[in-house]
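Just below is one structure, and these are the notes that go with it.
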């Protein structure tokens, strides 16, 4: 049969057909997880026919999958310019506004959707996330209950409100919600992993282990789960299995800096110093911006008397976003011992922001300020340290020794009096008190001698 004399397609129709084929190909690539190739095919389709709102929408979904949220926002806007009332596009745009911290814009869009279609459940479900990230947990819970009135079997609603409870430290409720998600949607991404985290934070380690294993049976190559399971095992004291988990990550990703670092921690705790140093050095080479490896290497350098090397490593570590108070405090102590008082002060001040009731940190802050000759400011921090932990004999002794070394014997005696330690004199405190009394006696003796000489001069 010959169709040569049949209907002929024009050039414009052929180009639009090509665009359709490219869009179909982009979808197939997207489904296969080939996001870069999908994005290329989608761009080619849009170049031919830029007036198709669904293609802009699909391109935005692809960009979302690549975590290029700002670009995705622009594509959703393009889709809305072509089809302004599309609720699905409005919802996805609001979600990306939440992802990028533009909460007011997200809430405005969700409200617009609610007015257009009060039964569109995702506008309530997704607002759970928005309000949770804003710290407005009551409104997050309210959105959950409103969503439930529309669809009481939405696994994502239970998942989202579970996250909200977890952030608030209500781990029992979080676990209940996540288990509800798992019962509705057993293959929900990482759901057993989240349940494991909830049980871990409740201190129910056997159940946590059970759910970690369940998750890894489903997804044996999930590096995030393997890594956290390794941390969990370390926390449980199971270093052998923890080491195996971190080695498993290295098999999957040889340049994984975090896994290398924790292998170093395991070697350090086992007393294998050279092996630990090698892991820390590897970790630092893999990720120059990861906190931890430089700190450990600085500790080794400090112990070996390599002051310049330790100082250089610590200075570089301070450029990173260090959030662990115990690490900052240890860095400050090393800096102080090396005479780097400005850096040390910075470390201790940062700890005071993270742990405003850490008495020992205020002692260190007072000590470094005293070393800088800023005794008035030092005394404020030292007094506050004692106010926070006045029953700590070691701390009391350390504070009083700083006062004694600074020539403030009267402050020493007044502090002992204020602490009401007359019935609790321990050996160190007794010696300090005796030294302070002796210095006070010497001061009085000098005054008396000075008066005697003056009187003698006057009488002559």
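Numbering (this note's numbering), first residue to last: 3 to 462. The beta carbon of each residue, even a glycine, is placed where N, CA and C say it ideally should be.
Beta-carbon proximity list for residue i, same chain, < 6 Å, skipping 5 on both sides
{"i": "residue 324", "result": "293, 330"}
{"i": "residue 80", "result": "58"}
{"i": "residue 278", "result": "266, 269, 270"}
{"i": "residue 264", "result": "248"}
{"i": "residue 41", "result": "64"}
{"i": "residue 436", "result": "none"}
{"i": "residue 3", "result": "Residue confidence for residue 3 is low, a pLDDT of 33 falling below 50, so the modelled location carries little weight and cannot support an answer."}
{"i": "residue 173", "result": "200, 203, 204"}
{"i": "residue 315", "result": "296, 299, 300"}
{"i": "residue 311", "result": "303"}
Any non-hydrogen atom of the ligand NAP within 7 Å of residue i CB
{"i": "residue 165", "result": "This structure simply doesn't include the ligand NAP, nor any ligand for that matter."}
Pairwise C-alpha distance: residue j and residue i
{"i": "residue 202", "j": "residue 400", "result": "38 Å"}
{"i": "residue 247", "j": "residue 416", "result": "56 Å"}
{"i": "residue 23", "j": "residue 84", "result": "21 Å"}
{"i": "residue 178", "j": "residue 197", "result": "9 Å"}
{"i": "residue 442", "j": "residue 414", "result": "10 Å"}
{"i": "residue 288", "j": "residue 126", "result": "42 Å"}
{"i": "residue 502", "j": "residue 182", "result": "The structure shown does not extend to residue 502, since the chain is modelled only from 3 through 462, so no value can be given for it."}
{"i": "residue 362", "j": "residue 165", "result": "34 Å"}
{"i": "residue 373", "j": "residue 210", "result": "48 Å"}
{"i": "residue 56", "j": "residue 90", "result": "11 Å"}
{"i": "residue 455", "j": "residue 444", "result": "Residue placement at residue 455 is poorly supported in this model, since its pLDDT is 42, which falls under 50; the coordinates are not used for a value here."}
{"i": "residue 418", "j": "residue 386", "result": "15 Å"}
{"i": "residue 133", "j": "residue 286", "result": "38 Å"}
{"i": "residue 206", "j": "residue 404", "result": "45 Å"}
{"i": "residue 138", "j": "residue 104", "result": "15 Å"}
{"i": "residue 253", "j": "residue 262", "result": "11 Å"}
{"i": "residue 112", "j": "residue 92", "result": "8 Å"}
{"i": "residue 11", "j": "residue 19", "result": "Below a pLDDT of 50, predicted positions are generally treated as unreliable, and residue 11, at 39, falls in that range; the measurement from the model is reported next regardless. Going from the Cα of residue 11 to the Cα of residue 19 covers about 10 Å."}
{"i": "residue 222", "j": "residue 195", "result": "12 Å"}
{"i": "residue 143", "j": "residue 377", "result": "51 Å"}
{"i": "residue 346", "j": "residue 298", "result": "17 Å"}
{"i": "residue 457", "j": "residue 406", "result": "Its pLDDT being 39, under 50, residue 457 is placed unreliably by the model, and nothing is read from it."}
{"i": "residue 322", "j": "residue 241", "result": "28 Å"}
{"i": "residue 36", "j": "residue 234", "result": "33 Å"}
{"i": "residue 307", "j": "residue 272", "result": "23 Å"}
{"i": "residue 145", "j": "residue 96", "result": "15 Å"}
{"i": "residue 45", "j": "residue 74", "result": "13 Å"}
{"i": "residue 220", "j": "residue 185", "result": "15 Å"}
{"i": "residue 76", "j": "residue 62", "result": "8 Å"}
Exposure of residue i, with buried meaning 16 or more beta-carbon neighbours within 10 Å
{"i": "residue 31", "result": "buried"}
{"i": "residue 333", "result": "buried"}
{"i": "residue 282", "result": "buried"}
{"i": "residue 412", "result": "exposed"}
{"i": "residue 440", "result": "exposed"}
{"i": "residue 296", "result": "buried"}
{"i": "residue 447", "result": "exposed"}
{"i": "residue 98", "result": "buried"}
{"i": "residue 237", "result": "exposed"}
{"i": "residue 208", "result": "exposed"}
{"i": "residue 359", "result": "exposed"}
{"i": "residue 147", "result": "exposed"}
{"i": "residue 60", "result": "buried"}
{"i": "residue 313", "result": "buried"}
{"i": "residue 157", "result": "buried"}
{"i": "residue 354", "result": "buried"}
{"i": "residue 69", "result": "exposed"}
{"i": "residue 66", "result": "buried"}
{"i": "residue 131", "result": "buried"}
{"i": "residue 342", "result": "buried"}
Close beta carbons around residue i, own chain, < 8 Å, minus the five adjacent residues each side
{"i": "residue 175", "result": "164, 167"}
{"i": "residue 319", "result": "293, 296, 297, 300, 333"}
Reduced DSSP category for residue i - H, G, I as helix; E, B as strand; rest coil
{"i": "residue 189", "result": "coil"}
{"i": "residue 444", "result": "helix"}
{"i": "residue 371", "result": "helix"}
{"i": "residue 322", "result": "coil"}
{"i": "residue 362", "result": "helix"}
{"i": "residue 293", "result": "coil"}
{"i": "residue 39", "result": "helix"}
{"i": "residue 124", "result": "helix"}
{"i": "residue 285", "result": "helix"}
{"i": "residue 68", "result": "coil"}
{"i": "residue 376", "result": "coil"}
Beta-carbon contacts of residue i that lie in its chain and below 7 Å, excluding the five residues immediately before and after
{"i": "residue 101", "result": "71"}
{"i": "residue 383", "result": "364, 367, 368, 371"}
{"i": "residue 250", "result": "228"}
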